[in-house]
Every structure is written in C-alpha cells, then in structure tokens.
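Visitor: I am attaching a structure below and will ask some questions about it afterwards.
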Amino acid sequence: MKKIKFQVVPFSTKLRWLFIGKRPLERKSRPKILEYIFFALNNIVALVCIVAMMYWLINLSKNNNNQLLLGVFIKGLQESFLAKVLITIIAVIGLINFVLSIHTYYILSKTEFYKWIPVLGTIMAILFLSPFAIILFLIAYKKNDLAFE
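So in this note's numbering, spot 53 of the sequence shown is number 323, and the numbers just go up one at a time.
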C-alpha cells in the first residue's frame, strides 16, 4: 500500500499566509480575489450588528428621555448582555476589516483593472460605512482579475 506524503509547510510561510495572504500563483482560485467576498460578508454582518445596536440605542433613549444619554448608555451596557455581544462583534469585525485590508493591498499590485474600487471599499469598510463597502466589494469581485506573472 502506498503511503501518502504530505508537504510540510514551514512556520514562516504559515505566518505569511496568515498576515499577508498567499501569493497569486499559490492560490487554488486564481481568477478572482476571494478577499472581496470575505469583505462583503464581513460588512453584511457589521451592518446587521450596527442596525441592531442603533435600534437598542433608540429604544434606550426613548425610555429614559430626561437623563443624559451617555449615562443611560453606560448603564444599559452594564445591564444588557446583548449590547456587550454586539459591541464585541463590532470590535472583532473592525479587526478583521483591518487584516483583510492588508491582504487586499498586498494583492492590489497584481490586479489589472479598477484598482480604485478596492481602495475605496477598504476605506469605507474601516470607517464602518458598510452599505457602500458591500456594493464596492461586490463590484470589485466582479470586475477584478489577477494578472499572472
């Protein structure tokens, strides 16, 4: 019976894949840049969390209309488990957006056309302007192809 040999990937290569991403020729899906889809899905989750947080804040301000909103917000944040979860998700999404923007800028030199769309999309994603970022990343996914060396 044949033994299957697996290629051992060095630790430095794994770190490069984690922080910078794979090189275009190392990818299994070469024609499209997958970071754009990850960005779009990430921003959809961010949009849902931000809308839920705004709904919670509006209800909180309606219930306590004679008190200072910041004090009511901090008090509600201490009492509400859902608000803590939403703020944690939004913070994690911000970190993921930052890492994905590093991936996107690393691959941006390999794209052929419409380089301004991902740049504008990453700026919108980092600023949590999710509806615009979703649209821009879906356009970038549709329009951008990788240029092979």
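The beta carbon of each residue, even a glycine, is placed where N, CA and C say it ideally should be. This structure is a prediction, so every number in the text was calculated from the model and none was measured.
Expressed to the nearest angstrom, what Euclidean distance is found between the alpha-carbon atoms of Ile404 and Gly391?
Guide: Their backbone Cα atoms lie some 8 Å apart in a straight line.
Visitor: In this structure, does DSSP put Gln337 in helix, strand or coil?
Guide: Coil at Gln337, not helix or strand.
Visitor: Rounded to the nearest angstrom, what separates Lys273 and Lys412 at their Cα positions?
Guide: If you take the alpha carbons of Lys273 and Lys412, they lie about 42 Å apart.
Visitor: Could you work out which residue in Phe407, Lys380, Glu349 is closest to Ile393 when comparing CA atoms only?
Guide: Of the candidates Phe407, Lys380, Glu349, the one whose C-alpha sits nearest the C-alpha of Ile393 is Phe407.
Visitor: From Leu330 to Val355, what does the alpha carbon distance come to, in whole angstroms?
Guide: Using only the alpha carbons, I get a separation of about 17 Å.
Visitor: Quick one: is Glu419 buried, meaning 16 or more other Cβ sit within 10 Å of its Cβ, or exposed?
Guide: Unreliable placement is indicated for Glu419, whose pLDDT of 43 sits below 50; the coordinate value is still reported in the next sentence. Exposed, by the Cβ-count rule.
Visitor: Distance, Cα to Cα, Tyr325 vs Lys385?
Guide: Spanning the two alpha carbons is a distance of roughly 36 Å.
Visitor: Ignore the nearest five residues each way along the sequence and tell me which others in Leu317's own chain have a CB closer than 6 Å to its CB.
Guide: Here the set comprises Ser400.
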